[in-house]
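Participant:
Numbering (my numbering), first residue to last: 6 to 271.
#1: Once DSSP output is grouped into helix, strand and coil, what is the label at residue 80?
#2: Mind checking residue 26: buried by the 16 CB within 10 Å criterion, or exposed?
#3: By DSSP, does residue 14 sit in helix, in strand, or in coil?
#4: Is residue 131 closer than 8 Å to residue 58 when the C-beta atoms are compared?
#5: Under three-state DSSP, which class holds residue 269?
#6: How many Å lie between residue 241 and residue 249 at the Cα?
#7: Going by DSSP, which residues form a beta bridge with residue 234?
#8: Starting from residue 174 and walking both ways along the alpha helix (DSSP H), at which residues does that stretch end?
#9: Alpha carbons only, please: which of 101, 226, 189, 253 is nearest the one belonging to residue 10?
#10: Which one or two residues does DSSP pair with residue 57 in a beta bridge?
#11: Given this structure, state the Cα-to-Cα distance separating residue 81 from residue 87, to the nearest angstrom.
#12: Could you tell me which whole alpha helix (DSSP H) segments of length 4 or greater appear in the segment 57 to 134?
#13: What whole-angstrom Cβ distance do residue 261 and residue 198 have, given they're in contact under 8 Å?
#14: Suppose contacts are defined by Cβ-Cβ distances below 8 Å. Is residue 34 in contact with residue 122 by that definition?
#15: Looking only at its own chain, which residues have a Cβ that is under 6 Å from the Cβ of residue 144, when we skip the five neighbours before and after it?
#16: Just checking, does the segment 92 to 106 make contact with the segment 136 to 143 on the three C-beta pairs under 8 Å criterion?
#17: Assign residue 28 to one of three DSSP states: helix, strand, or coil.
#18: Count the other C-beta atoms from every protein chain shown that fall within 10 angstroms of the C-beta of residue 107, then say buried if there are 16 or more, exposed otherwise.
#19: Quick one: Cα of residue 78 to Cα of residue 257, how far?
#20: Work out the CA separation of residue 235 and residue 129 for me, nearest whole Å.
#21: Pull up the distance between the alpha-carbon of residue 147 and that of residue 65, whole angstroms please.
#22: DSSP three-state call for residue 20: helix, strand or coil?
#23: Would you mind sorting residue 206 into buried or exposed? The rule is 16 or more other CB atoms within 10 Å of its CB.
#24: Pull up the CB-CB distance for residue 68 and residue 40, whole angstroms please, since I reckon it's below 8 Å.
#25: Should residue 186 be labelled buried (16 or more other beta-carbon atoms within 10 Å of its own) or exposed?
Listed below in structure tokens is the structure:
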């Protein structure tokens, strides 16, 4: 074990991880293709004669969250075994290098591979549906997605991706804390934390600001049953909160995972 950080050692660790888990990663890619392919086939069958490309992107988001959290929850599964965990913790590389290695495979590389798998399956699905429309124009219809963020589901996709990386990083952290059943336990812990956060936040705001009610991104003070005064955050504060909400959660979970790894014992 070493405390210093070294890029050459990090690259060697990444290469070692690939060599030792090549078969697992290949099977994982095939599993992703199979999962997306099966759901796309169901989309073709169940959408009757009218198809919408937006449905494919909804499938993309759901699959990304499900597969991404499952993969992240297995990041440090070796810590659940005394033999494998001891070997992994004692391997001559810093905890930061080991964490970055897992982030590279289970966050960065996973997301890239998943997107490529989806694009391949989507292309095949769209090609098949388009052939049906061309062959039977009076029977089948296919509505393409609009890339206008104001009039399409695709407008919220970037925000869903921010949420995904935060959730995925939380599951990676859970794989460090929970050696067994990491996915299930992390899901329960995350659900409880989200409930407590929103419940306490709303109650705290309403109790500390007597006469005001919290309505998402602004405060309201009702003068009667139908009329109220609205108080919005300043643009600078709103943008600052939005910035931190987008980008801060994943790094925070990674830092906590790093400190937890340094304290981890088998």
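Using N, Cα and C, we set each Cβ at its ideal position, and we do this for glycine too. Just so we're clear, the structure is a prediction, and the values are computed from it rather than from any experiment.
Facilitator: Taking the coordinates as given:
#1: coil
#2: exposed
#3: helix
#4: yes
#5: Of the three classes helix, strand and coil, the one that applies to residue 269 here is coil, per DSSP.
#6: One C-alpha to the other measures close to 12 Å.
#7: Bridge partners of residue 234: 226.
#8: 162 to 182
#9: The option with the nearest alpha carbon to residue 10 is 101.
#10: Paired residues: 148.
#11: 13 Å
#12: 58 to 78, 87 to 95, 100 to 108
#13: Contact annotation, residue 261 with residue 198: C-beta distance approximately 13 Å; criterion of less than 8 Å not satisfied.
#14: yes
#15: 54
#16: no
#17: helix
#18: Counting the other Cβ atoms within 10 Å of the Cβ of residue 107 gives 16 or more, which makes it buried.
#19: In this structure, the CA atom of residue 78 is about 17 Å from the CA atom of residue 257.
#20: 50 Å
#21: Annotation: residue 147 to residue 65 spans about 18 Å, alpha carbon to alpha carbon.
#22: helix
#23: exposed
#24: Right, the Cβ-Cβ distance comes to about 7 Å (below 8 Å), so this counts as a contact.
#25: exposed
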